[in-house]
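So the first sequence is numbered by my numbering: it starts at 68 and just counts up by one.
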Amino acid sequence: MVKIQFYALDLESDENLKIYGKTLDNKRVCAIDKNYKPSFYALGKDIEKLKKKISLLEEDESKVTEALIEDVSYYDEKTKALRVYTNNLKAITVLAHRIRQDYPTLDLKETDISAYKRYLIDNNLTPLTLWEVDGDIINHHELNVEICVSGKITQVSDDIIPNPRVLALDIEVYGFDFGGDKGSVEPIIMLSLVGSHNYKKVITWKRFKNPQNYIEFVDSEMALLEKANEEILKYNPDYLLGYFSDGFDFPYIEKRMKKYKIKSKIGYDNKGIKIRNNTGESIAKLKGISHIDVYKFVSGAMSVPLDLDSYSLDIVAKELLGRGKVEVNINKLSESWDKGDIKKFCEYNLMDSILTLEIFQKILPNINELVKLIGSPIQETSRMTYGQLVEHYLMKRCRDFKEIIPKRPPRSIVFERRMHTYQGALVMEPLPGLHENLVFLDFRSLYPTVTIAKNISPSTLRLHPPGYETPEIRDESGRSVVYYFDKNKEGFIPKILRDIIQRRNTLKEITKKEPSPVLNARSYALKTIANSTYGYMGFAGARWYCRECSSSITAWAREYITQTIEDARKEKFKVIYSDTDSVAIVLENKTRQDILKFIEKTNKKLPDLMELELESFYKRGIFVYKKGELKGAKKKYALITEKNEIKIKGFETVRGDWSKIARKTQYDVLKLILEGTPKEKAMKYVLKVIDDLRNNKVNKEDLVIQTQLKMNLDEYSVIGPHVAIAKIMKERGFRIGAGSPVWYIVGEGSGKIRDNVCLPDECKNYSKDYYINNQIIPAVEKIFMVLGYTKEDILKDKKQSSLGDF
DNA sequence: GAGATTGTCGTACC
DNA sequence: ACAGGTACGACAATCTC
Numbered sequence: 068m069v070k071i072q073f074y075a076l077d078l079e080s081d082e083n084l085k086i087y088g089k090t091l092d093n094k095r096v097c098a099i100d101k102n103y104k105p106s107f108y109a110l111g112k113d114i115e116k117l118k119k120k121i122s123l124l125e126e127d128e129s130k131v132t133e134a135l136i137e138d139v140s141y142y143d144e145k146t147k148a149l150r151v152y153t154n155n156l157k158a159i160t161v162l163a164h165r166i167r168q169d170y171p172t173l174d175l176k177e178t179d180i181s182a183y184k185r186y187l188i189d190n191n192l193t194p195l196t197l198w199e200v201d202g203d204i205i206n207h208h209e210l211n212v213e214i215c216v217s218g219k220i221t222q223v224s225d226d227i228i229p230n231p232r233v234l235a236l237d238i239e240v241y242g243f244d245f246g247g248d249k250g251s252v253e254p255i256i257m258l259s260l261v262g263s264h265n266y267k268k269v270i271t272w273k274r275f276k277n278p279q280n281y282i283e284f285v286d287s288e289m290a291l292l293e294k295a296n297e298e299i300l301k302y303n304p305d306y307l308l309g310y311f312s313d314g315f316d317f318p319y320i321e322k323r324m325k326k327y328k329i330k331s332k333i334g335y336d337n338k339g340i341k342i343r344n345n346t347g348e349s350i351a352k353l354k355g356i357s358h359i360d361v362y363k364f365v366s367g368a369m370s371v372p373l374d375l376d377s378y379s380l381d382i383v384a385k386e387l388l389g390r391g392k393v394e395v396n397i398n399k400l401s402e403s404w405d406k407g408d409i410k411k412f413c414e415y416n417l418m419d420s421i422l423t424l425e426i427f428q429k430i431l432p433n434i435n436e437l438v439k440l441i442g443s444p445i446q447e448t449s450r451m452t453y454g455q456l457v458e459h460y461l462m463k464r465c466r467d468f469k470e471i472i473p474k475r476p477p478r479s480i481v482f483e484r485r486m487h488t489y490q491g492a493l494v495m496e497p498l499p500g501l502h503e504n505l506v507f508l509d510f511r512s513l514y515p516t517v518t519i520a521k522n523i524s525p526s527t528l529r530l531h532p533p534g535y536e537t538p539e540i541r542d543e544s545g546r547s548v549v550y551y552f553d554k555n556k557e558g559f560i561p562k563i564l565r566d567i568i569q570r571r572n573t574l575k576e577i578t579k580k581e582p583s584p585v586l587n588a589r590s591y592a593l594k595t596i597a598n599s600t601y602g603y604m605g606f607a608g609a610r611w612y613c614r615e616c617s618s619s620i621t622a623w624a625r626e627y628i629t630q631t632i633e634d635a636r637k638e639k640f641k642v643i644y645s646d647t648d649s650v651a652i653v654l655e656n657k658t659r660q661d662i663l664k665f666i667e668k669t670n671k672k673l674p675d676l677m678e679l680e681l682e683s684f685y686k687r688g689i690f691v692y693k694k695g696e697l698k699g700a701k702k703k704y705a706l707i708t709e710k711n712e713i714k715i716k717g718f719e720t721v722r723g724d725w726s727k728i729a730r731k732t733q734y735d736v737l738k739l740i741l742e743g744t745p746k747e748k749a750m751k752y753v754l755k756v757i758d759d760l761r762n763n764k765v766n767k768e769d770l771v772i773q774t775q776l777k778m779n780l781d782e783y784s785v786i787g788p789h790v791a792i793a794k795i796m797k798e799r800g801f802r803i804g805a806g807s808p809v810w811y812i813v814g815e816g817s818g819k820i821r822d823n824v825c826l827p828d829e830c831k832n833y834s835k836d837y838y839i840n841n842q843i844i845p846a847v848e849k850i851f852m853v854l855g856y857t858k859e860d861i862l863k864d865k866k867q868s869s870l871g872d873f
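Structure follows, in structure tokens:
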């Protein structure tokens, strides 16, 4: 008998429930829980009667070991369930199938949850923390571990693995091969590895003079691949990182290894990386070692706080680390390789791994806290979407209330749900103009607090009184409906949201006194779950789908914001705009004290945790007209704070699919106006830009328009400029498909815009007309319009490609 | 065949 | 399929006279 402590990194359920991890002295461990009995539930009137029969059920290797009646809760309703324990992990599928056939009155639950997830939930175990296995050492010849123990498993600490061994990897490929349709035909010419524990290396197979000390020369691509495998094995990482490595590096490496028939031995199972392909997206997974695609996490669970136009390594590194990639012309890589002039490219290759590692280290607290909260292994948690995070959190919390986890909906139901939609937020038409002295108020976490205050949950929904009565809701057919939510017992969803908000408040209290990145990350993890729960209930693929709940939340939110606007107006406040949970007020003769009083008064009326907050005061703000109309444009305004910070919403300035020249010009105009500069000066500035455009004084890069393909090329029914350039890029060897970024300049020529798009390198002359009439003027005309120019002036002048008559 | 209208598409706001 | 709805505006496609 031995007792081994280890940090649990990865789980697997084949015949056994296996946990892979590292001991405190960095030894690889496999632990098998021999006490774990997989189980599922049966609901139904007959469970008492059928208990005996089911407990004797047997089919081939699978058999029921025990069947017990348990008190459980299903959609918050107390009931009895038959818990069916089985002899092994695969038995669930087999036996569930049998029971469904033989006893159709029974409703089976929790048969659609993978065994290791059930295991983690049932035993309240958290990956990445310190666990202990107490049992017997067993043979492990097929595994690359130092020790394998089968026995009793417990978690002994909440602390997360303190100093994991991390290794980042990046490859460069000859040519312009993205591993697309033609399929990874070009060789890998360099591969960099950078470790957290003082390790860096670039492996390449073209020798050059005065190599950097981290270069390792080999003789061929095959030798490079073998060397890389050897180095990874030797480094013994806990996490293997890449940037877009699910989609590129690892699938590519796999294909090239296949070509040379190299068998990788990385991973605790000696079997290398496995690429799983589902719905067009590939995922690269290892046993024991957690492969983390840093891109997936940054562009997924971190996308809301980061809020970047692009999640390329360069952009993300600049944002998080303050420095970007090594500047080289990567298009010249093949040419330089042929000449043997690749020193700079090796540095570039190394830097990609360094940045990947450093970004990972920067966001590690966020990943760790999500893992702790959700309770899923890091490999999965780091790839989860917001919806999956919510769902896994709810599943985990079910255990605390003995709640049975609802089924995942079948495809047909998902499809059916997707057909329906519901009404969302209220957006008020703003009063256009340049306003002085504004204040923005907003509801703190409006949707979560409404959910709590009105006890909105799938289980508390009623079609008849009594209960909290929603405002009238128009359904798709235009009929008016009202829902009710039970007032007596708190539902599962509100209960969990309340808990999250309270935990977050406690954390905020602590971090106010003593700042802590870890607690901030924990707070952010909680916020992520709370804010996504409303959207989750409206998501067709959700286990806890409840469209009535989502539509009730938005209905009450509309009511509260409308009421707030009305109350404010009753007290003679000038409300000029509102979107979802915020109101903008022009102070005029009102004082700040008046605003504070109004907030206080409003909060006295608001139920439960609902709260109106002061967002900020602003010196000035500009709201513009909709193009060609005399209505205010929603979701489009710019503000200046008392500290002269400019805040811009919705304008072309903040849109990634406009040229830099238009964005910058608009920004500068907004800034001048908000700072109180006379409009004539701003106009002069615009005329100068137009002049520069006319005289070819503008850099090409300022003219580039970048956007993204949302579909595959053959799915477009309308061929716009971005689709036209995508076709050209495809011809040039770019991998083009849904999600690909594309960029172009509009060149001179006649016909449609799409007929004149060109790649920046290939463009001879840009279209002055296009950039003046379709970029600069549209971007600034709406601003000048609110400053007193008439619509007619602008429309007339637009035709003349000039603002000269202003 | 030019101008108005409608539909598609991408990106932003909350 | 991988949280939701609301909104703007460019451009292409289609309609209208």
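Note that beta-carbon positions come from the ideal geometry of N, C-alpha and C, so glycine has one too.
Being a predicted model, the structure only gives us computed values, none of them experimental.
I'd like to know whether the C-beta atoms of residue i and residue j end up nearer to each other than 8 Å.
i: Leu780; j: Ala791; result: no
i: Gly699; j: Leu493; result: no
i: Pro808; j: Ser377; result: yes
i: Leu654; j: Val853; result: no
i: Lys70; j: Glu213; result: no
i: Leu574; j: Thr600; result: no
i: Gln490; j: Ile523; result: no
Got a sec, what are the start and stop residues for the beta strand (DSSP E) residue i sits in?
i: Trp404; result: Not the beta strand (DSSP E): Trp404 falls in the alpha helix (DSSP H), residues Leu400 to Lys406.
i: Lys671; result: Taken as a continuous stretch (DSSP letters only), Lys671 belongs to no beta strand (DSSP E), being part of the alpha helix (DSSP H) at Arg659 to Lys672.
i: Thr146; result: Glu144 to Thr153
Run through the DSSP bridge pairs and tell me what residue i is partnered with.
i: Tyr551; result: Arg529 and Glu536
i: Arg687; result: Glu503 and Ile707
i: Arg541; result: Ser547
i: Val269; result: Ser259 and Ile282
Between the options, which lies nearest to residue i when the distance is taken from Cα to Cα?
i: Asn155; options: Leu135, Asp127 and Leu741; result: Asp127
i: Tyr310; options: Gln490, Val269 and Lys363; result: Lys363
i: Glu394; options: Lys521, Ser263, Glu386 and Phe412; result: Phe412
i: Arg165; options: Leu187, Thr196, Val139 and Leu124; result: Leu124
i: Glu458; options: Leu76, Leu91, Ala609 and Asp759; result: Ala609
i: Ile878; options: Ser263, Lys273 and Thr669; result: Residue 878 cannot be examined here, being either before or after the span of the chain that is shown, 68 to 873.
i: Lys702; options: Ile689, Asn522, Met796 and Ile713; result: Ile689
i: Trp611; options: Arg484, Phe684 and Tyr489; result: Arg484
i: Glu144; options: Asn555, Gly723, Ser834 and Phe684; result: Asn555
i: Lys338; options: Lys354, Lys326, Asn344 and Tyr327; result: Lys354
i: Asn230; options: Asn416, Asn211, Gly262 and Glu576; result: Gly262
Just reading off the alpha helix (DSSP H) that residue i is part of, what are its end residues?
i: Gln842; result: Segment: none, Gln842 is in no alpha helix (DSSP H) and carries neither H nor E.
i: Lys476; result: Just to set this straight, residue 476 is Pro in the shown sequence, not Lys. It is not in any alpha helix (DSSP H) - Pro476 carries neither H nor E in the DSSP assignment.
i: Asp81; result: Per DSSP, Asp81 belongs to no alpha helix (DSSP H) and is neither H nor E.
i: Ala607; result: Segment: none, Ala607 is in no alpha helix (DSSP H) and carries neither H nor E.
i: Glu283; result: Where Glu283 is concerned, there is no enclosing alpha helix (DSSP H), although the beta strand (DSSP E) it sits in stretches over Ile282 to Phe284.
i: Met324; result: Asp316 to Tyr327
i: Tyr415; result: Lys410 to Ile441
i: Ile795; result: Pro788 to Glu798
i: Leu380; result: Leu380 to Leu388
i: Asn572; result: Phe559 to Lys580
Identify whether residue i lies in helix, strand or coil by the three-state DSSP scheme.
i: His207; result: coil
i: Glu115; result: helix
i: Ile214; result: strand
i: Gly88; result: strand
i: Ile180; result: coil
i: Thr196; result: strand
i: Asn344; result: strand
i: Lys641; result: strand
i: Thr160; result: helix
i: Lys594; result: helix
i: Arg95; result: strand
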